[in-house]
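Structure, as structure tokens:
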Amino acid sequence: MACPMSAALCTILSLLPYNFEYQTPADLASPKQLHDGDVYDFIIVGAGPAGSVLANRLSEIPSWKVLLLESGGEESKLGEIPAFQPFLSQTRFTWNYTTVPDDRICAGAPCLWVTGRGLGGGSLHNNMIYNRGNSHTFDEWEQMGNAGWGYEEMLYYFKKSENNQDPLIARNKIYHSTKGPQTVSQFPYVDKNVKKIIETFHQLGYPDADINGVNQTGVCLMQHLQKDGGRQSSAKSFLYPIREKRNNLKIVTNVRVTKVIINPQTKEAEGVEYTWENKRHVKGKVYARKEVIISTGPMATPQLLMLSGVGPNKTLVPLGIDVIQNLPVGQNYQNHIQSGSLNFTLNDTNIMMPNDEETLRDFLDYFTKRRGPLASEGFFDVSAFISSRYTDSSYPDVQIICSKISTLE
Ligand SMILES: Cc1cc2nc3c(=O)[nH]c(=O)nc-3n(C[C@H](O)[C@H](O)[C@H](O)COP(=O)(O)OP(=O)(O)OC[C@H]3O[C@@H](n4cnc5c(N)ncnc54)[C@H](O)[C@@H]3O)c2cc1C
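Quick note: the sequence shown, position 89, residue 194 per this note's numbering, numbers continuous.
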């Protein structure tokens, strides 16, 4: 089929599969670092944002041997380009799950259910938005009995990881820090339509908001987990700076954990069973003296627990899995609720369907200076947080996001 976009853009897009589909030779060789029967202090399964931070923090103690296992591979250079985010949903950086068809959603077809895969997990494909969440939510979690999850204690850790590069936001030292490993800032390019949208919200009475500050209500040009116009994944922030320096941390990609080995008497995790992703017949076991940590994300974590015998009897027994603990694992899955959109047609659509000349200029700008439209996510960079009649202004319950719909005429 003929490519409906400009020739230059078509050529560039045709190169993406080589970056986005195939594992690198280093990834394919990585499992060779594992030896059946090896013992570590901690085994961390899954190298998404959670696993990356844990691997970094635990390996600060030189006497602890830490193993980080990840099913996917290393990130790619092209995946760092913010404007390429929409192309990443069905690549080797995601698991390509779909939902069971349901007449009420996605016009009855299976919906794509994107979840990250690789060193960096979801931070390899997601929108990079730096939004910690509302303080009330953390305080509610604490009130439910989760000691240590209140906002004040969380703020200490948010700041510990943050390196905020926008001086106007970073000057609020109560909420921000410039000392952590995770670089955050607004994208260097702001589309003129984005500026107009912000102006419009101002006219409606919404103030500029720092959504990670004292009050979220208002409109903002969001900050992103990015550095100098490029995606700053959790692997880049928390793993790459230490992987060659700490020899007590072993990072292995392209290995899938298939089961946590749990002692049925003590109910303690003793290790994990694994298989190579590219050679499924190669299997092995590794053991943990202290802890096995499962940080495989919202879908694979309950799945792995269930495969290991922790889950509802009614699911496990018919599958022939020995039940170690009957628990309602996987029963509280929640995702964003998103409603339909209001659509507007714009006259000036410079970030939508560029012609050849503009495309080449944009690529040149990006690769020489890390500037221009490719160093942004376009309309997605602006967001407004508003309070409906069901809440007060300190706890907004509606987020307005903007995105583009291109018409190929
Ligand atoms: C489309 C989209 C956009 C998003 N945008 C944003 C955003 O802008 N800002 C934001 O903060 N959040 C965003 N998120 C959410 C964010 O990506 C997740 O909250 C985050 O990635 C969760 O981190 P995690 O470490 O818990 O799990 P994950 O990121 O899911 O990482 C889990 C890792 O475990 C690995 N794994 C799974 N099973 C196994 C196994 N059996 N063996 C070995 N490894 C395994 C996976 O490959 C993966 O790398 C977005 C999510 C989606 C889907």
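From the three backbone atoms N, C-alpha and C, an ideal C-beta is built for every residue, glycine too.
Cβ neighbour criterion (16 or more within 10 Å) applied to residue i
{"i": "Pro191", "result": "exposed"}
{"i": "Cys325", "result": "buried"}
{"i": "Leu469", "result": "exposed"}
{"i": "Asp132", "result": "buried"}
{"i": "Gly225", "result": "buried"}
{"i": "Pro136", "result": "buried"}
{"i": "Ile451", "result": "The residue you asked about is not Ile; residue 451 is Leu in the sequence shown. That one is exposed."}
{"i": "Pro130", "result": "exposed"}
{"i": "Leu118", "result": "exposed"}
{"i": "Asn317", "result": "buried"}
{"i": "Pro134", "result": "According to the sequence displayed, residue 134 carries Ala and not Pro. So Ala134 ends up on the exposed side."}
{"i": "Pro478", "result": "buried"}
{"i": "Pro154", "result": "buried"}
{"i": "Val144", "result": "exposed"}
{"i": "His230", "result": "buried"}
{"i": "Ala160", "result": "buried"}
Secondary structure of residue i, DSSP reduced to three states
{"i": "Asn269", "result": "strand"}
{"i": "His307", "result": "helix"}
{"i": "Leu139", "result": "coil"}
{"i": "Arg290", "result": "Reading the sequence as shown, one finds Ser at residue 290 and not Arg. Ser290 falls in the strand class under three-state DSSP."}
{"i": "Gly223", "result": "coil"}
{"i": "Arg494", "result": "coil"}
{"i": "Thr363", "result": "strand"}
{"i": "Thr371", "result": "coil"}
{"i": "Leu326", "result": "strand"}
{"i": "Ala252", "result": "coil"}
{"i": "Asp244", "result": "helix"}
{"i": "Arg565", "result": "No answer is possible for residue 565: the residues shown for the chain start at 106 and end at 514."}
{"i": "Gly425", "result": "coil"}
{"i": "Lys332", "result": "strand"}
{"i": "Asp313", "result": "strand"}
{"i": "Phe189", "result": "helix"}
{"i": "Ser228", "result": "helix"}
{"i": "Phe147", "result": "strand"}
CB of residue i within 9 Å of CB of residue j, strictly
{"i": "Leu92", "j": "Gln291", "result": "An answer regarding residue 92 cannot be provided, because it is not within the stretch 106 to 514 covered by the chain."}
{"i": "Tyr202", "j": "Val219", "result": "yes"}
{"i": "Glu375", "j": "Val397", "result": "yes"}
{"i": "Met411", "j": "Tyr438", "result": "no"}
{"i": "Ser176", "j": "Arg336", "result": "no"}
{"i": "Glu267", "j": "His281", "result": "yes"}
{"i": "Tyr379", "j": "Lys395", "result": "no"}
{"i": "Asp244", "j": "Gly255", "result": "yes"}
{"i": "Pro167", "j": "Arg348", "result": "no"}
{"i": "Asn431", "j": "Gly416", "result": "yes"}
{"i": "Asp333", "j": "Arg475", "result": "yes"}
{"i": "Gln328", "j": "Ile274", "result": "yes"}
{"i": "Leu173", "j": "Val377", "result": "no"}
Residue i versus the options, residue with shortest Cα-Cα distance
{"i": "Phe490", "options": "Gln195, Asp313, Leu424, Leu410", "result": "Asp313"}
{"i": "Val150", "options": "Val171, Lys137, Pro167, Pro130", "result": "Val171"}
{"i": "Ser157", "options": "Phe147, Ser342, Ser498, Pro478", "result": "Ser342"}
{"i": "Ser181", "options": "Gly414, Phe125, Asn448", "result": "Phe125"}
{"i": "Lys300", "options": "Tyr500, Phe484, Tyr495, Pro417", "result": "Phe484"}
{"i": "Tyr500", "options": "Asn320, Ala152, Arg222", "result": "Asn320"}
{"i": "Tyr392", "options": "Leu273, Lys364, Arg209, Gly323", "result": "Lys364"}
{"i": "Pro215", "options": "Asn353, Asp207, Val415", "result": "Asp207"}
{"i": "Val434", "options": "Asp427, Gln408, Ile442", "result": "Gln408"}
{"i": "Val295", "options": "Asp502, Val487, Tyr280", "result": "Val487"}
{"i": "Tyr311", "options": "Gln443, Asp427, Gln504, Ser444", "result": "Gln504"}
{"i": "Gly221", "options": "Ile186, Glu179, Gly255", "result": "Glu179"}
{"i": "Thr406", "options": "His241, Thr204, Ala152, Gln195", "result": "Ala152"}
{"i": "Ile506", "options": "Val289, Leu260, Phe306, Thr196", "result": "Phe306"}
{"i": "Ser400", "options": "Val362, Ile367, Pro369, Thr371", "result": "Val362"}
Residue-chain proximity (residue i, chain B), Cβ-Cβ < 9 Å
{"i": "Gly402", "result": "In the structure shown, chain B cannot be found, because there is only a single protein chain."}
Next item on the list: Starting from the N-terminal end, write out each residue whose C-beta falls within a distance shorter than 6 Å of any non-hydrogen atom of ligand 1.
Entry: Val150, Gly151, Ala152, Gly153, Pro154, Ala155, Gly156, Leu174, Glu175, Ser176, Gly177, Val219, Thr220, Gly221, Arg222, Gly223, Gly226, Gly227, Ser228, Asn231, Asn232, Met233, Ile234, Arg361, Val362, Ser400, Thr401, Gly402, Ala405, Leu409
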